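Input: a single structure, listed below in structure tokens.
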Amino acid sequence: MQAMSEKPNKIRWYYEGLSKGVFRASKCGDCGKFTFPPTGCCEYCGSWNVENAELSGKGTLLFATHSGSAASHPRFEKAAPFVYGHIRLDEGPIAQAIIQGVGTSPEDLKALYEKGPVPVQAVTLQMDDLPVIAFNIQD
Amino acid sequence: MRNQLNERVAISGVGCTHFGNLMETPEIKDMSLQELTAAAVKEALDDAGLSGQDVDAVFAGNAMVHSSQLPATYSQISKWTGTQFKAGVHFEAQCSTTNVGLAMAATAIAAGVYDTVLVFGVETTRTKVKDYSPYEREPISHQQSWLWTDMAVNQAYGVPQGYDIFSSYNGLVALGYCRKHGISIEDFDRGMFEVCRTRRLHGSMNPKANIQETLEEAAKRKGISDAFEYWQSENNPFVAWPSRLLSLVTTADGASAIVLTRADAARDGRSQPVEVKGFGINATDLPWYGEDPTMWESDKRAVESAMDMATIKATDIDYLHTHDCSHISGLCTAELIGYLDPGTALTAARDGRLRFDGDKPMSTHGGRHAFGHAWAASAGSDTYEAVLQMRGKAGKRQMPKPPEVSVIHTHGYAMIGTVIVLGGM
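For the record, the sequence lines run as chains A and B. In terms of my numbering, the first sequence opens at residue 74 and continues consecutively. In terms of my numbering, the second sequence opens at residue 304 and continues consecutively.
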């Protein structure tokens, strides 16, 4: 296990990975579960014995709705309103993120809801100042 | 953990201001934050028959220091409340603040450290300090309000990557609820209308509520004779489909206060005391739920702790408030607690069971939508309402039979599940 003093900034590491299309997490050396996005310990068992890991970005979109029409953060002023979803990643973690491939209208979202869970793939969405994760619907 | 109070603790006094806008609402217009706080504190101290010098400690809650600009609140408020030279701390648990303060006070009293503790919460979500003026205020913009509020939400990954409260707290929970219980989107919409209608009814009977206009009156004001037609009109847009605007919180400026004391001393007070039977607090980070958006583990654990400490069952609860920034989330919590059977909350609303005069009354002050939401002060407003109901002093909205056991659940953004159990002495 790496000493705390030798560990890089985990948050910067996550976003640097995202800018390259890599989805970084940490994996617990004790219980084996993934903490995503990464922290310095296991979010499930509290162990400090964690290692850097990468996720596939594959998952299942369980539910999707839309954001408020006015962005709550300046970063998303150009994007709002956007579809926002609840995702189960193949490696186990639950994530919530922007969804691409479906419109924000009630009709579009209802059709998606009635279809049920659908496969999604994580991608990187480059905002003006920061790469952020989004998920594309895989039809 | 032992999860017990070693001495009995009581609420001997409660106070709460009108919730509204410090620049517009007549009852609180032009008050300073110091005066707003003092108004709630004075009501609570008068209720208990005490002065500020009779308390041993002051737990001062304020969450959004950006708008209050009152850090070290216990110190800055002390000359306005007569509480100088007492122990004090400024703390926050966001929208659970005042009831987390209640739990901290109960712990300190039951441990034998203090006999009497004053807890207060003050918050301004509509207005902020103008420039550096000691008394002028100005409105807070929508985006500024959320930027500051969302500082309580995952700042490493959640907010920077598009976290949206309307989605996470409303739309996704609503869809999870509909799918889990086989409820159509149309029935969901009708049920949410009835929930809002009930909360607005309660607000219309509460002279301190942020919104005192019923849905029927609001429709009429817009020239629409049918309230459900109004509900489905452009006046009530989807904020996170299938959740609409009127299923959400309304922001407010406000303050609340609670005086807690040893139960044996409370009997000598001016007003009918109410016992703190138990509490539970449990925190988590985003995402607040797993695959099932209706089941929040932090709430489940907070509920279990509180009911275990109070040694009550769900069937013992006479009055319930659950945090209802999002009406659907509040209903899920009521079902989680066991106050309502799973999947029945919307039907219960349609049948009028959640009204003050129904058999499963909830949020009789109007809840976060009608009574309004002043972050750190709101849990205290919920406790204030429960105490009024238990004393039979809730005015027009008084439950026909005053409750013996009340449970109050709040969400401290984001996310501190907090449950307190109050009982008659």
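All residues carry an ideal CB built from backbone N, CA and C; glycine is no exception. Because the structure is a prediction, the values reported are computed rather than measured.
| message | Check for me: the alpha helix (DSSP H) holding Y622/B runs from which residue to which? | response | Counting from 1 along the second sequence, the entry for residue 622/B is found at position 319. Per DSSP, Y622/B belongs to no alpha helix (DSSP H); it is in the beta strand (DSSP E), Y622 to H624.
| When Cβ atoms are compared, which residues of the segment 593 to 613 of chain B fall closer than 7 Å to chain A? | G593, E594 and P596
| request: Using DSSP bridges, identify the partner residues of Q199/A. | output: Position 126 of the first sequence, counting from 1, holds the residue named residue 199/A. Beta-bridge pairing links Q199/A to P204/A.
| query | A143/A and Q446/B: beta carbons closer than 8 Å? | reply | Indexing the first sequence from 1 puts residue 143/A at position 70. Indexing the second sequence from 1 puts residue 446/B at position 143. Yes; because the gap between Cβ atoms is below 8 Å, this pair is in contact.
| query | What residues of chain D sit near I84/A, judged by a beta carbon separation below 8 Å? | reply | The structure shown has no chain D; the protein chains it does contain are A and B.
| query | What in chain A is Cβ-close to V542/B, meaning under 7 Å? | reply | The residue labelled residue 542/B in the question sits at position 239 within the second sequence. Result: G141.
| field | the segment 326 to 333 of chain B contacting the segment 515 to 531 of chain B, beta-carbon criterion three pairs below 8 Å | value | no
| message | Count Cβ pairs between the segment 447 to 461 of chain B and the segment 365 to 375 of chain B that sit closer than 8 Å; are there 3 or more? | response | yes
| task | Using a Cβ cut-off of 9 Å, pull out every chain A residue sitting near L475/B, in sequence order please. | result | Looking up residue 475/B in the second sequence gives position 172. Neighbours of L475/B on chain A, chain order: L135, F136, A137, T138, Y157, G158, H159 and Q169.
| query | chain B beta carbons: is any one of them nearer than 8 Å to that of P179/A? | reply | By one-based count along the first sequence, residue 179/A stands at place 106. By this cut-off, P179/A is an interface position.
| task | May I ask which residues mark the beginning and end of the alpha helix (DSSP H) holding D630/B? | result | The count along the second sequence starts at 1 and reaches residue 630/B at position 327. The sequence given here places His at residue 630/B; Asp does not occur at that position. First-last of the alpha helix (DSSP H) with H630/B: H630 to I640.
| Would you call the segment 470 to 486 of chain B and the segment 609 to 626 of chain B in contact, with 3 or more CB pairs under 8 Å? | no
| Name the chain A residues that come within less than 7 Å of H445/B, Cβ to Cβ? | Working through the second sequence from its first residue, we reach residue 445/B at position 142. Simply A143.
| said: Can you check whether the C-beta of G485/B is within less than 8 Å of a C-beta belonging to chain A? | reply: Mapped onto the second sequence, residue 485/B falls at position 182. Output row for G485/B: interface = no.
| query | How should M304/B be labelled, buried or exposed, when 16 other C-beta atoms within 10 angstroms of its C-beta is the threshold for buried? | reply | On the second sequence, position 1 is the one that residue 304/B refers to. Label assigned to M304/B: exposed.
| According to DSSP, what are the bridge partners of F155/A? | Mapped onto the first sequence, residue 155/A falls at position 82. Bridge partners of F155/A: none, in fact.
| Alpha-carbon to alpha-carbon, S666/B and R694/B | Translated into the one-based positions of the second sequence, residue 694/B becomes position 391. Translated into the one-based positions of the second sequence, residue 666/B becomes position 363. Spanning the two alpha carbons is a distance of roughly 16 Å.
| query | In this structure, what does DSSP give as the bridge partners for M665/B? | reply | By one-based count along the second sequence, residue 665/B stands at place 362. M665/B is bridged to L623/B.
| task | Starting from G255/B, find everything on chain A with Cβ-Cβ shorter than 9 Å and list it in chain order. | result | Here chain B covers residues 304 to 728 and nothing more, so residue 255/B does not appear.
| said: Against chain A, with Cβ distances strictly below 8 Å, would F469/B count as a contact? | reply: Walking along the second sequence from the start, residue 469/B turns up at place 166. By this cut-off, F469/B is an interface position.
| In this structure, what does DSSP give as the bridge partners for S516/B? | Counted from its first residue, the second sequence places residue 516/B at position 213. Note on residue identity: the sequence assigns Glu, not Ser, to residue 516/B. In DSSP, E516/B forms no bridge with anything.
| said: Less than 8 Å between the C-beta atoms of I640/B and M495/B, yes or no? | reply: For the purposes of this step, residue 640/B is taken as residue 337 along the second sequence, with counting starting at 1. For the purposes of this step, residue 495/B is taken as residue 192 along the second sequence, with counting starting at 1. No. Outside cutoff.
| query | Can you name the residues that DSSP bridges to K431/B? | reply | As a first step, residue 431/B is located in the second sequence; it is residue number 128 there, counting from the start. Answer is E441/B, bridged to K431/B.
| field | Neighbour list for V205/A in chain B, Cβ cutoff strictly below 9 Å | value | Walking along the first sequence from the start, residue 205/A turns up at place 132. Going along chain B in sequence order, the residues near V205/A (Cβ under 9 Å) are P463, Q464 and G465.
| task | Could you tell me if T686/B is buried or exposed, where buried requires 16 or more neighbouring beta carbons within 10 angstroms of its beta carbon? | result | Sequence index remark: in the second sequence, residue 686/B carries index 383 (1-based). Classification of T686/B: buried, given that the 10 Å Cβ count is 16 or more.
| said: Please state the DSSP three-state secondary structure of I486/B. | reply: Numbered from its first residue, the second sequence carries residue 486/B at position 183. Looking at I486/B - three-state DSSP - the assignment turns out to be coil, as it is neither helix nor strand.
| task | Spell out whether any CB of chain A is found under 8 Å from the CB atom of G292/B. | result | No statement about residue 292/B is possible, as the shown extent of chain B runs from 304 to 728 and does not include it.
| query | So, does the CB of F208/A fall closer than 8 Å to a CB anywhere in chain B? | reply | Walking along the first sequence from the start, residue 208/A turns up at place 135. False, the Cβ-Cβ gap to chain B never drops below 8 Å.
| message | Applying the 10 Å Cβ sphere with the 16-neighbour rule, what's the burial state of D212/A? | response | Within the first sequence, numbered from 1, the residue matching residue 212/A stands at position 139. Burial call: exposed.
| query | Span of the beta strand (DSSP E) holding T721/B? | reply | What you label residue 721/B is simply residue 418 of the second sequence in a count that begins at 1. I719 to G727 is the span of the beta strand (DSSP E), which, as asked, contains T721/B.
| Using CA coordinates, which residue listed in H714/B, P664/B and D662/B is at the minimum distance from R289/B? | Residue numbering for chain B in the displayed model covers 304 to 728; residue 289/B lies beyond these limits and cannot be assessed.
| Chain-ordered neighbours of K183/A on chain B, where CB pairs are closer than 9 Å | Here residue 183/A is taken as the residue at index 110 of the first sequence, counted from 1. By Cβ distance, chain B contributes I488, W544 and P545.
| So what does DSSP say about T133/A, is it helix, strand or coil? | As a position in the first sequence, residue 133/A is number 60, starting the count at 1. In this structure, T133/A counts as strand in the three-state DSSP scheme.
| task | For the beta strand (DSSP E) containing D556/B, list its first residue and its last residue. | result | As a position in the second sequence, residue 556/B is number 253, starting the count at 1. Its beta strand (DSSP E) spans residues D556 to R565.
| field | Unbroken alpha helix (DSSP H) run spanning T328/B, endpoints | value | By 1-based counting over the second sequence, the position of residue 328/B is 25. It is not in any alpha helix (DSSP H) - T328/B carries neither H nor E in the DSSP assignment.
| said: When you measure from the CB of V606/B to every non-hydrogen atom of the ligand ADP, does any distance come out below 7 Å? | reply: Judged by which ligands are present, the structure shown has none, so any question about the ligand ADP falls away.
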